[in-house]
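In my numbering, the protein residues as written are 61 to 713. Report on one structure; see the data block that follows.
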Amino acid sequence: MTVPSAANRRESHKEVETQPDSSSSEPAPTVDRGGNKTAVGVGAVAIGALGVVFGDIGTSPLYAFREAIEHQNLDVTRTNSMGIASLAFWALIVIISIKYIALVMKAENHGEGGILALIALIMPNSAKSRTAGGLVMLGVFGTALLYGDGLITPAISVLSAVEGFSVASSAFKPVVIPLTCAILFGLFLVQRRGTSAIGRVFGPVMVVWFAVLGLLGLLQIVQRPVVLGAVNPIHIFNFFAAEPLKAFLALGSIFLVVTGGEALYADMGHFGRRPIAIVWYGIVLPGLLLNYLGQAALLIRDPTAIESPFYRMAPEWAITPLAVVATMASVIASQALISGAFSLTVQAVQLGFLPRVAIRHTSDDHHGQVYVPLVNWALMIGCVGLVVAFRTSSNLAAAYGIAVTSVMLITTILIAVVARSNWGWSRARTIVVMTPLLAIDVAFVAANVPKIPNGGWFPLAVAVVLLVQMVTWRKGRQLVAARIHRGERPINDVLDESTDITRVDGIAVFLFKDQGMAPPALVNNLLHNKVLHTTTMIVSILIEEVPRVDPDQRAEVTELQAGVYQVCLRFGFMETTDVPAALANIKLDRQNIDPNEATYFIGNESVIAGKVPGMHPLGERLFVILNRGADSASRFFKLPPDRVFEVGSHVEI
Numbered sequence: 061m062t063v064p065s066a067a068n069r070r071e072s073h074k075e076v077e078t079q080p081d082s083s084s085s086e087p088a089p090t091v092d093r094g095g096n097k098t099a100v101g102v103g104a105v106a107i108g109a110l111g112v113v114f115g116d117i118g119t120s121p122l123y124a125f126r127e128a129i130e131h132q133n134l135d136v137t138r139t140n141s142m143g144i145a146s147l148a149f150w151a152l153i154v155i156i157s158i159k160y161i162a163l164v165m166k167a168e169n170h171g172e173g174g175i176l177a178l179i180a181l182i183m184p185n186s187a188k189s190r191t192a193g194g195l196v197m198l199g200v201f202g203t204a205l206l207y208g209d210g211l212i213t214p215a216i217s218v219l220s221a222v223e224g225f226s227v228a229s230s231a232f233k234p235v236v237i238p239l240t241c242a243i244l245f246g247l248f249l250v251q252r253r254g255t256s257a258i259g260r261v262f263g264p265v266m267v268v269w270f271a272v273l274g275l276l277g278l279l280q281i282v283q284r285p286v287v288l289g290a291v292n293p294i295h296i297f298n299f300f301a302a303e304p305l306k307a308f309l310a311l312g313s314i315f316l317v318v319t320g321g322e323a324l325y326a327d328m329g330h331f332g333r334r335p336i337a338i339v340w341y342g343i344v345l346p347g348l349l350l351n352y353l354g355q356a357a358l359l360i361r362d363p364t365a366i367e368s369p370f371y372r373m374a375p376e377w378a379i380t381p382l383a384v385v386a387t388m389a390s391v392i393a394s395q396a397l398i399s400g401a402f403s404l405t406v407q408a409v410q411l412g413f414l415p416r417v418a419i420r421h422t423s424d425d426h427h428g429q430v431y432v433p434l435v436n437w438a439l440m441i442g443c444v445g446l447v448v449a450f451r452t453s454s455n456l457a458a459a460y461g462i463a464v465t466s467v468m469l470i471t472t473i474l475i476a477v478v479a480r481s482n483w484g485w486s487r488a489r490t491i492v493v494m495t496p497l498l499a500i501d502v503a504f505v506a507a508n509v510p511k512i513p514n515g516g517w518f519p520l521a522v523a524v525v526l527l528v529q530m531v532t533w534r535k536g537r538q539l540v541a542a543r544i545h546r547g548e549r550p551i552n553d554v555l556d557e558s559t560d561i562t563r564v565d566g567i568a569v570f571l572f573k574d575q576g577m578a579p580p581a582l583v584n585n586l587l588h589n590k591v592l593h594t595t596t597m598i599v600s601i602l603i604e605e606v607p608r609v610d611p612d613q614r615a616e617v618t619e620l621q622a623g624v625y626q627v628c629l630r631f632g633f634m635e636t637t638d639v640p641a642a643l644a645n646i647k648l649d650r651q652n653i654d655p656n657e658a659t660y661f662i663g664n665e666s667v668i669a670g671k672v673p674g675m676h677p678l679g680e681r682l683f684v685i686l687n688r689g690a691d692s693a694s695r696f697f698k699l700p701p702d703r704v705f706e707v708g709s710h711v712e713i
């Protein structure tokens, strides 16, 4: 590499040529930000979305209708069956079709969705407004609740599917729990291999699953066509008029028909809004509506089928094959939640709400496919523990719902704020549109509150623990940064004061997040060793509040003096912070540098709890524990381990 010619320090603050970061950029998208067809047909993308997005909501017919009646000991009457079918119909229309498909999915953050994307849209205003800061914390709590949902969904989905074998033959009952645990263990065991291989069969399997759902329902509807009248909401009124309290509490189970609604929004960036909408209206919604109406028709004709209305819709010879297909669909639904937990963790780390953890990318072609070992094994222990503790899907259903309803309520609140601040909606329009949706969400949350003593406390406890960790980590990192800033000096002042410095061959990369300031490692090197590498790069890493950064905007390089460069690398919160790959695309004196030949200097702060004001003593101790357990910066930034020097320092908080 040719070193740039010397120039006066005061006149050499100039931009250095960079080129697109091809090594870390995304593969050509199959859909644009609006979900329109590009390289791959919309149909192919839609099938892929079917296999990933709709697994959770697609397995709700296994238990939702049954729990709505049995959990409140409702009589299996025509009024109750029609009322529940009508509630299921309108819940799917209002919450999924209107709220999520038509409204919430418009709130995209550079094409990405999910509650963390909403947080990123609100965060720029959080420093200016205490209310905005509170909304960010509310969104963080919603994020924590999704982990609780990620624990219960695989457990209840797989367990309810395996229970179908006991419907076919009572001889299967003793093996339901062991078989469920074995399936869950195997599911988590293969996560390290990634989802590329199995992902190719997800879509076709779910096509079969939703076709089966629709067919089973249709066979029952033709025997009791009167059930089609459930589309009339008058049956909801009749249902509540018969037994008001039980009907209201039954909402806690009826809500199970829309679990997975958040997945539509969270996975929008992978597939686009249009393919998700096509699959919803063309395959998923018809299959679900036919199945729920079919279960109501079956119960009107045979009230004793309430023990397992889903499996009783099938002929006896078909129950075992149906249980096999249901188990496959449940595994797919579980996979979607597990992968979602991995992606959620990556985003939370990038946004500064969780410590660095080991993250492995499992695909060279699909950037979003990641594996987080710590989260994987924690989820496995939690899921298997839930199955062993609750024993049946009915018992698990008692714990299921409070987390999901709370997340949906939080989403409605945040989307109302985005509508006002980002979309320019008037106050009147926001009230007219959001109030009915908010009322529905509040009703579902209230109906799930009685579940808290019976198991609903579990996802709430998980969420509270994670919320405390997230808030503590973010606050602690802010305090550590403030302590470090106190001794910082501008890099230009340090360079100007450095005399009798020997230039040694090689490339030195100092990772330091504060642009314009001198890294302590560089200061010590100049002070004690009196040396400076011929090419010295002071690299700061900025995580933008967008999912991904355009490759041509990845790096901003300024030459401070001959051979000394200030480099700012920008990454989105869903991207891997691969520093060597980003540096490889920087040209100095018209030549690319070789990051594998560089020596990397990083700080390693040893944090200790002290008497300095800022955090509660318990919070300080928790932060110290979290800091010790955080993944090393060298692994997180993908630095070559044999070319890293760590410079330690003690920080008291």
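Where a beta carbon is used, it is the ideal one built from N, C-alpha and C, also for glycine. Just so it is clear, the structure is predicted and the values come from calculations on it, not from any experiment.
Rounded separation between residue i and residue j - CA only
i           : j           : result
residue 500 : residue 569 : 55 Å
residue 588 : residue 653 : 27 Å
residue 700 : residue 638 : 11 Å
residue 355 : residue 365 : 9 Å
residue 683 : residue 460 : 31 Å
residue 646 : residue 603 : 19 Å
residue 555 : residue 165 : 50 Å
residue 697 : residue 411 : 15 Å
residue 453 : residue 369 : 14 Å
residue 492 : residue 201 : 26 Å
residue 316 : residue 508 : 11 Å
residue 96  : residue 363 : For residue 96, the pLDDT reaches just 42, beneath the cut-off of 50, and the residue's location in the model is therefore unreliable, leaving the point undetermined.
residue 539 : residue 221 : 49 Å
residue 402 : residue 419 : 9 Å
residue 469 : residue 287 : 31 Å
residue 649 : residue 560 : 25 Å
residue 693 : residue 703 : 13 Å
residue 695 : residue 640 : 12 Å
residue 409 : residue 636 : 11 Å
residue 609 : residue 630 : 7 Å
Range covered by the alpha helix (DSSP H) that runs through residue i
i           : result
residue 300 : 294-302
residue 686 : 677-689
residue 116 : 115-118
residue 236 : 236-249
residue 209 : 190-228
residue 389 : 379-410
residue 610 : It is not in any alpha helix (DSSP H) - residue 610 carries neither H nor E in the DSSP assignment.
residue 504 : 487-508
residue 354 : 345-361
residue 446 : 433-450
residue 694 : 693-696
residue 714 : Since the first residue shown for the chain is 61 and the last is 713, residue 714 is missing from the structure and cannot be characterised.
residue 142 : 138-151
residue 714 : No statement about residue 714 is possible, as the shown extent of the chain runs from 61 to 713 and does not include it.
residue 623 : Premise fails: residue 623 is in no alpha helix (DSSP H) and is neither H nor E.
residue 369 : 369-372
From the options, residue whose alpha carbon lies closest to that of residue i
i           : options            : result
residue 663 : 676, 621, 584, 604 : 584
residue 213 : 400, 595, 148      : 400
residue 599 : 562, 539, 658      : 658
residue 262 : 130, 181, 391, 132 : 391
residue 110 : 333, 441, 632      : 333
residue 510 : 311, 667, 393      : 311
residue 396 : 248, 564, 177, 489 : 248
residue 303 : 688, 489, 210, 143 : 143
Identified DSSP bridge partners for residue i
i           : result
residue 629 : 601, 615
residue 550 : 577
residue 592 : 563
residue 172 : 169
residue 571 : 599
residue 458 : Answer by DSSP bridge pairing: none, since residue 458 is not bridged.
residue 648 : 651
Any chain D beta carbon closer than 9 Å to residue i
i           : result
residue 247 : The chain labelled as chain D is not found in the depicted structure, where only one protein chain is given.
*Say whether the stretch 266-274 touches the stretch 101-121, bearing in mind that this needs 3 or more beta-carbon pairs closer than 8 Å, one atom from each stretch.*
yes
*Hey, is the stretch 379-389 in contact with the stretch 131-151, meaning 3+ C-beta pairs nearer than 8 Å?*
Fewer than three Cβ pairs drawn from the stretch 379-389 and the stretch 131-151 lie within less than 8 Å of each other, which leaves the two stretches out of contact.
_Assess contact between the stretch 368-382 and the stretch 295-315, defined as three or more Cβ pairs (one per stretch) separated by less than 8 Å. Is contact present?_
no
*asked:* Using a Cβ distance threshold of 8 Å, determine whether the stretch 310-329 contacts the stretch 148-158, with at least three qualifying pairs required.
replied: yes
*Stretch-stretch touch, CB-based, cutoff 8 Å, three pairs: the stretch 462-472 with the stretch 512-519*: yes
*Using 8 Å as the threshold, is the stretch 236-251 in touch with the stretch 441-449, meaning 3 or more CB pairs across them?*
Short answer: they touch.
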